[in-house]
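What follows is one structure encoded as C-alpha cells, with my remarks underneath.
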Amino acid sequence: MCDSETQLPEIAASLLNDFPDQRIFAFYGEMGAGKTTFIKAICKKLEVIDAVSSPTFALVNIYFTEQEDEIYHFDFYRMEKPEEVYDIGYEDYFYSGNYCFLEWPEKVNHILPEEIVKVFIRVNKNTNARIIMY
C-alpha cells in the first residue's frame with residue numbers, strides 16, 4: 007500500500023532489488039493511477055539525470071543515467087496501429103539489455119517478451135491510496 011509519494015523511493019528500490027536481472031517492466035493501471043510517477047521514482051533510484059516524463063506522443067523517451075547508461079520509457083496509450091511499434095524498432099530497445107519501462111503494455115501484448123516484470127497499480131477509491139503489486 008502506498009499512501010504517499012514519499013513512499014515511492016522505497017517501493018522503487020524494493021522492485022529493483024527483487025528483480026536484479028530483469029530489464030523490462032510493464033506497468034498496468036488505469037489513467038491517473040500513477041504509472042509515470044512511479045517510473046520517475048524508479049529512474050531516480052537508477053540515477054537518471056534527464057527529466058522523466060510520459061512519452062505519450064513520441065512513444066518512447068530515452069533517458070541517461072549518471073553512468074551514461076540508457077533507459078527507455080514507452081507509453082503505448084495513443085498508439086493507433088500495431089505497425090507503429092514496429093516502426094520505432096522496438097526490438098532494438100527491448101533486447102538492448104537496458105531498462106525498459108512500458109506504460110499501457112496491454113496495447114502491445116503481441117510483442118511483449120516472456121521475461122518481463124508485470125507491475126500493477128490500483129487506486130483505492132475510498133482512500134486514494136495506491137496499491138502496487140508485482
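Per this note's numbering, the sequence shown starts with residue 7, numbered consecutively.
Just so you know, even glycine gets a beta-carbon here, dropped at the ideal spot from N, CA and C.
Rounded distance between the beta-carbons of residue j and residue i, thought under 8 Å
i: I127; j: G35; result: 4 Å
i: Y101; j: V66; result: Wrong, their Cβ atoms sit about 14 Å apart, outside the cutoff.
i: I55; j: E72; result: 6 Å
i: K51; j: A18; result: 5 Å
i: L21; j: Y140; result: 6 Å
Which listed residue (the options) has its alpha carbon closest to that of residue i
i: D81; options: G95, E72, D75, L108; result: L108
i: Y83; options: T71, N115, V123; result: N115
i: Y78; options: E72, Y96, T43; result: Y96
i: G103; options: V125, E121, E90, K131; result: E121
i: Q28; options: G40, A39, V125; result: V125
Exposed unless 16 or more other CB atoms sit within 10 angstroms - verdict on residue i
i: I137; result: exposed
i: P26; result: exposed
i: I30; result: buried
i: A57; result: exposed
i: Y92; result: exposed
Three-state secondary structure assigned by DSSP to residue i
i: N67; result: strand
i: D93; result: helix
i: D98; result: helix
i: E76; result: strand
Any non-hydrogen atom of the ligand HEM closer than 7 Å to residue i Cβ
i: F33; result: The ligand HEM is not part of the structure shown, which contains no ligands of any sort.
Taking only runs of the alpha helix (DSSP H) that begin and end inside the region 13-47, which ones reach a length of at least 4 residues, in chain order? 14-24
Return the chain-ordered ranges of every alpha helix (DSSP H) run that is complete within the region 100-137 and spans a minimum of 4 residues. With a minimum length of 4 residues, no continuous alpha helix (DSSP H) run stays inside the region 100-137.
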